[in-house]
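Working notes for the structure below.
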Amino acid sequence: MAARVGGRDRAERRGDMGASMTWSDVLAVDGFSSPLTRAVLNRAVSTVPRARILEVGSFKGSTTSALCHGNDVECIHCIDNHSEFGDTRVELLDVCQRFALPATIHDLDYFAPFPTDVFGGTKFSVYHYDGPHAEEQHAAELTIALPHLADAFLYIVDDYSWECVHRGCDAGLRALEGRVKVVSKKVYESEGLNDAGGYWNGLLVAWCEKT
Numbered sequence: 000m001a002a003r004v005g006g007r008d009r010a011e012r013r014g015d016m017g018a019s020m021t022w023s024d025v026l027a028v029d030g031f032s033s034p035l036t037r038a039v040l041n042r043a044v045s046t047v048p049r050a051r052i053l054e055v056g057s058f059k060g061s062t063t064s065a066l067c068h069g070n071d072v073e074c075i076h077c078i079d080n081h082s083e084f085g086d087t088r089v090e091l092l093d094v095c096q097r098f099a100l101p102a103t104i105h106d107l108d109y110f111a112p113f114p115t116d117v118f119g120g121t122k123f124s125v126y127h128y129d130g131p132h133a134e135e136q137h138a139a140e141l142t143i144a145l146p147h148l149a150d151a152f153l154y155i156v157d158d159y160s161w162e163c164v165h166r167g168c169d170a171g172l173r174a175l176e177g178r179v180k181v182v183s184k185k186v187y188e189s190e191g192l193n194d195a196g197g198y199w200n201g202l203l204v205a206w207c208e209k210t
């Protein structure tokens, strides 16, 4: 099931975002991310022209709005089946509508088979993963996304300071050796669990290319 929020052309949508969403609004959205984490997400996407974003684990929209705020975003596809922290569909839809985000919301389980045309053939230049954090899920998540990613893409993983997360991500990248090359990466470490004054539970930001 998918709900499309934005329906106007890209230039108009971007103008609406600038007019209707302030950074204070972004920080006010409830979610599992700190102000610094949201700033990193925002800056990372600002380097990608006409960004096409795939976000797994959008929850209530705090990171969704941070990724989009003031940036050149063509579209953002949000995946969440709202099974882990209660039903937050209404909150996510409200954020996307209030801030006029060019969003399509998919209510699906990322790790269950889904139609290959679910994204309408979009090749995403930004992939943000904040879904389930078991090691084996992190080892698989990039492989699942890969057919839907552009030849060069920004790969962002939340909660990277957790051992199970970085171990799983490393395994996933090793499994894709010969298919994906990490051109550059930066790790933002947290100072502890849910570090509200720092980088929450850490972040990986990597620029990758298909080979």
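Going by numbering that gives the first Met the number 0, the first residue of the sequence shown is number 0, and it counts up by one from there.
Cβ coordinates follow ideal geometry from the N, Cα and C atoms, glycine included.
Every value quoted in this text rests on a predicted model; they were computed, and no experiment measured them.
Original post:
For residue 62, which of helix, strand or coil comes out of DSSP?
Top reply: helix
Original post:
Looking only at DSSP bridge pairs, what is residue 31 linked to?
Top reply: Per DSSP, none; premise fails for residue 31.
Original post:
What is the residue span of the alpha helix (DSSP H) that residue 142 lies within?
Top reply: 134-144
Subject >> C-beta contact flag for residue 118 and residue 147 at 9 angstroms >> reply: yes
Original post:
If you follow the beta strand (DSSP E) that residue 50 is part of, which residue opens it and which one closes it?
Top reply: Start and end: 50-55.
Subject >> Terminal residues of the beta strand (DSSP E) in which residue 166 lies >> reply: Careful: residue 166 lies outside any beta strand (DSSP E), inside the alpha helix (DSSP H) at 162-174.
Original post:
Among 72, 97, 102 and 70, which residue has its Cα nearest to the Cα of residue 57?
Top reply: 102
Subject >> Rounded separation between residue 73 and residue 22 - CA only >> reply: 20 angstroms
Original post:
Does the separation of the CB atoms of residue 137 and residue 55 fall below 9 angstroms?
Top reply: no
Original post:
Along the chain, where does the beta strand (DSSP E) that runs through residue 257 open and close?
Top reply: Since the first and last residues shown for the chain are 0 and 210, residue 257 lies out of range.
Subject >> Sequence-distant residues of the same chain with beta carbon closer than 8 angstroms to residue 123, five excluded per side >> reply: 51, 52, 53, 76, 144, 147, 148, 149 and 152
Subject >> Inter-residue CB distance, residue 59 and residue 25 (contact presumed, cutoff 8 angstroms) >> reply: The pair is not a contact, with the Cβ atoms about 12 angstroms apart (cut-off 8 angstroms).
Original post:
Considering residue 94, what are the terminal residues of the alpha helix (DSSP H) in which it resides?
Top reply: For residue 94, the enclosing alpha helix (DSSP H) has its first and last residue at 88-97.
**OP:** Put residue 26 into one of helix, strand or coil per three-state DSSP.
**Re:** Taken through DSSP and simplified to helix, strand or coil, residue 26 comes out as helix.
Subject >> Alpha-carbon spacing of residue 47 relative to residue 61, whole angstroms >> reply: C-alpha separation (whole angstroms): 20 angstroms.
Original post:
Based on Cα-Cα distance, which residue from 207, 2, 31 and 36 lies nearest to residue 125?
Top reply: 207
Subject >> Exposure of residue 182, with buried meaning 16 or more beta-carbon neighbours within 10 Å >> reply: Counting C-beta atoms within 10 angstroms of its own C-beta, residue 182 has fewer than 16 neighbours from the protein chains shown and is therefore classed as exposed.
Original post:
What's the call for residue 140, buried or exposed, on a 16-neighbour Cβ count within 10 Å?
Top reply: buried
Subject >> Chain-order list of residues whose beta-carbon lies under 7 angstroms from that of residue 195 (same chain, five-residue window excluded) >> reply: 33
Original post:
What are the partner residues of residue 186, as DSSP defines its beta bridges?
Top reply: 203
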